[in-house]
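Everything in the sequence shown is counted per the working numbering, starting at 1 for the first residue and increasing by one.
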Amino acid sequence: MSRLVRGRACLAAALAGVLAVGAGGCASIPDSGAVQTLSAEAASTGSTVRYNPPGPVDGASPSDVVNGFLEAMIGFPVSTRTAEEFLTPEAASRWRTDDRTIIYNAPQVSTVATDGAVQDGDRMQASLRFTEVAVLDAQGQYAASTRRSTRQLTLERVAGQWRIDDPPPALMVSQQFFDNYFQPLSLYYLDHATEHLVAVPVYAPTGDQLATSLANALLLRPRDAEGARLTTVVPEGTALATSVPVRTDGTVEVNLNGDFDAMSTRRRELMSAQIVSTVRQVQGVQQVRIQVNGSPLDIPGVDADQPVGLWDGYDVTEGTTSAQIFALRDRRLVVLSGPVTNLFAGPWGEVAQQVVDFRVDQEITEIAAVLPGRRQVRRASLSASDSAKDKVVYSGRDVLTPVWDATGRLWVVDRDRGGSRLTVFEESGPRAPAMGGLGRSRVLAFELSPDDARFVAVARTAAGRSRVYVGAVAYAADGSVAGLRAVTALPLTAYGLDNPVDATWRSPGNVAVLASDGGQSNQPYFARIDGSTITGGSLSGEPLLPDIDATTIAGSGTGKSPIYIGDSSARVWLQDPIGRWQQADSKGLTSARYPG
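So, in structure tokens, the structure goes:
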């Protein structure tokens with residue numbers, strides 16, 4: 001019944017208005033008639049402070065009670081205990097908020113008498129109207145919404161005082177409270193083959209219960225709505241035995257109850273990787289101690305206190321070669337290190353190639369090159385001693401930059417007047433997985449996430465407008481690519497951004513988009529893949545690109561390597577250590593690409 005959550009920023013002076021309403025009994029709020037806008041916002045200007053909202057006061061009107069109920073859910077730290085005081089005893093006993101959190105704006109309340117309440121005076125109907133900004137599910141996954149919602153609340157008299165009898169089955173917090181007190185984080189599940197971790201973006205309330213919130217969310221089964229066949233090795237039915245404290249020495253202790261007897265050593269390692277990678281996001285965590293049914297989790301050769309970096313081998317963003325970025329100069333392959341360029345050592349750097357675009361694989365052993373006219377893709381070894389692999393593997397109409405996944409599969413997107421087509425070169429041969437709605441659009445850019453679980457694409461719709469889409473890669477039981485699922489457009493226009501021309505991965509949960517706000521030339525913007533935030537460029541006051549015709553954007557997807565921008569004058573740009581944009585030392589650079 002009580003859901004404990006924490007905030008991260010100060011309620012500060014703006015709470016004074018809310019406090020005044022609660023302490024003063026809301027005398028200015030009418031019982032009926034005209035709609036009134038409620039003030040349930042909380043400003044954040046400093047360090048976190050504790051705020052315990054008041055409970056209901058004697059003689060409070062139905063509007064007072066609804067107002068107080070909303071206010072009770074935006075205290076810090078938040079507990080539903082006070083909010084339950086605004087409910088009838090029966091409603092308080094059955095009210096559950098763990099499954100959903102509603103983020104709202106512009107709440108309004110009005111009340112009317114119902115069913116003989118004019119004579120009896122014991123029953124009223126309150127209409128709560130608000131804009132539903134988003135909904136968090138039980139795991140904290142964010143789903144944006146813009147609908148105007150109305151919730152009818154029935155109020156009854158209990159010992160002469162108005163109480164709500166049918167509260168919404170959710171925690172309700174204002175958008176500003178959410179912005180100030182909820183952190184963007186990730187839960188770590190496993191890919192379909194249980195070979196590496198996949199980050200699932202979530203939000204969780206900050207504070208000293210953050211580790212507990214993350215651990216609880218991780219124990220829920222991965223949601224399969226994306227179709228990506230994510231999995232977990234945590235045994236079904238596993239539960240936290242206690243809260244998850246973070247000790248002063250940086251140790252966090254996760255105590256689990258469940259059936260672990262049949263777990264193999266590998267599955268214990270994988271479970272540890274999931275847990276450690278998830279709770280290490282809490283500030284100050286240095287090592288994780290996992291207890292199962294009161295005893296330390298037994299993994300041969302592994303200490304009870306697991307360092308946070310112990311399982312980095314399962315993280316595709318760790319130890320990657322993608323810090324290197326490649327480009328073409330005079331049709332020769334070059335390697336960029338910051339602003340410095342050097343010819344690639346090998347035939348592709350020594351001899352001019354008849355190619356216009358390319359992508360090096362993640363192992364830096366092969367290259368997929370687009371031939372002039374963009375109708376054919378040539379696959380070749382980067383080594384002079386392996387010329388047997390050098391052959392044209394695809395012929396089409398208008399191919400995009402090829403993509404390699406972590407397993408060495410080559411992905412090619414081709415376009416024609418009817419839309420776009422995807423070809424994936426599996427070990428068994430080329431296959432054409434379904435692209436969902438993207439197949440009916442002209443795809444302008446396509447990139448895989450570093451964990452191969454998702455994609456980002458820029459596509460032009462039938463109406464002629466380009467949009468940025470994210471979605472999941474679905475895999476068949478044999479591990480082959482089944483298709484693209486859950487294709488969703490990012491809400492760029494809500495931030496005043498238009499005409500995206502390219503997109504890439506900044507990190508597993510964030511993409512970088514090259515777009516314009518209408519007043520500036522194309523700038524890089526950074527979007528969380530759930531659409532909850534978009535920053536960068538003119539939105540954040542960061543250093544802007546010079547007035548160039550930026551056409552391409554390249555990111556490694558690790559969150560640790562710089563973003564590179566290409567322009568129409570064959571120049572490549574990157575940021576220096578203090579964020580200023582600088583040009584690479586060579587001109588005539590095209591197709592700047594990270595491996596993969």
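Note that beta-carbon positions come from the ideal geometry of N, C-alpha and C, so glycine has one too.
Computed from a predicted model, the values in this text were never measured in an experiment.
Residue 52, DSSP secondary structure in three states = coil
Where residue 465 and residue 177 are concerned, what is the direct C-alpha to C-alpha distance, given to the nearest angstrom?
-> 35 Å
Verify whether the separation of the beta carbon atoms of residue 563 and residue 545 is less than 8 Å.
-> no
Looking only at its own chain, which residues have a Cβ that is under 7 Å from the Cβ of residue 342, when we skip the five neighbours before and after it?
-> 334 and 335
Cβ-Cβ distance between residue 72 and residue 89 below 8 Å | no
Using beta-carbon positions only, say whether residue 254 and residue 190 come within less than 8 Å of one another.
-> no
In whole angstroms, what separates the C-alpha of residue 292 from that of residue 231?
-> 20 Å
Looking at the unbroken alpha helix (DSSP H) that takes in residue 179, where does it start and where does it end?
-> 175-181
Exposed unless 16 or more other CB atoms sit within 10 angstroms - verdict on residue 388 = exposed
Starting from residue 213, follow the alpha helix (DSSP H) in both directions and report where the run begins and ends.
-> 210-219
With contact counted as at least three CB pairs below 8 Å, one residue from each stretch, are the region 290-306 and the region 267-280 in contact?
-> yes
How about residue 370 and residue 331: are their beta carbons less than 8 Å apart?
-> no
On the premise that residue 514 lies in contact with residue 500, defined as a C-beta separation below 8 Å, what is that separation, rounded to the nearest angstrom?
-> 7 Å
Residue 413 vs residue 420 beta-carbon contact at 8 Å = yes
In the structure shown, what three-state DSSP assignment does residue 442 receive?
-> strand
Pull up the DSSP beta-bridge partners for residue 391, would you.
-> 379
Every unbroken alpha helix (DSSP H) inside the region 226-288 [4 residues or more] | 265-279
What residue does the beta strand (DSSP E) around residue 149 start on, and which one ends it?
-> 148-158
Complete runs of the alpha helix (DSSP H) confined to the region 400-455 [at least 4 residues] | none
At a cut of 8 Å, does the region 72-83 reach the region 150-161 through at least three beta carbon pairs?
-> no
Helix, strand or coil at residue 385 according to DSSP, with G and I counted as helix = coil
Pick helix, strand or coil for residue 96, following the three-state DSSP scheme.
-> coil
Can you name, in chain order, every residue of its own chain whose Cβ lies under 7 Å from the Cβ of residue 352, other than the five neighbours on each side?
-> 330, 331 and 332
Can you name the residues that DSSP bridges to residue 67?
-> Partner(s): none; residue 67 has no beta bridge.
Relative to the C-alpha of residue 78, which residue among 210, 129, 154 and 147 is closest?
-> 210
Alpha carbon to alpha carbon, how far is residue 431 from residue 482?
-> 9 Å
Would you say residue 358 and residue 393 are within 8 Å of each other, going by their C-beta atoms?
-> no
Pick out whichever of 495, 180 and 142 has its Cα sitting closest to the Cα of residue 75.
-> 180
Spell out the partners DSSP gives residue 471 in its beta bridges.
-> 455
Decide if residue 578 is buried, meaning its Cβ has at least 16 other Cβ atoms within 10 Å, or exposed.
-> exposed
Taking C-alpha atoms, which residue in 298, 276, 327 and 285 lies nearest to residue 261?
-> 298
Whole angstroms is fine: what's the gap from residue 223's alpha carbon to residue 537's?
-> 33 Å
Cross-strand partners of residue 544 (DSSP beta bridge) = Paired residues: none, contrary to the question.
When DSSP labels each residue in this structure, what does residue 569 get in the three-state scheme?
-> coil
Simplified DSSP state of residue 538, which is helix, strand or coil | helix
Could you give the C-beta distance for residue 167 and residue 60, rounded to a whole number, given that I count them as a contact under 8 Å?
-> The pair is not a contact, with the Cβ atoms about 16 Å apart (cut-off 8 Å).
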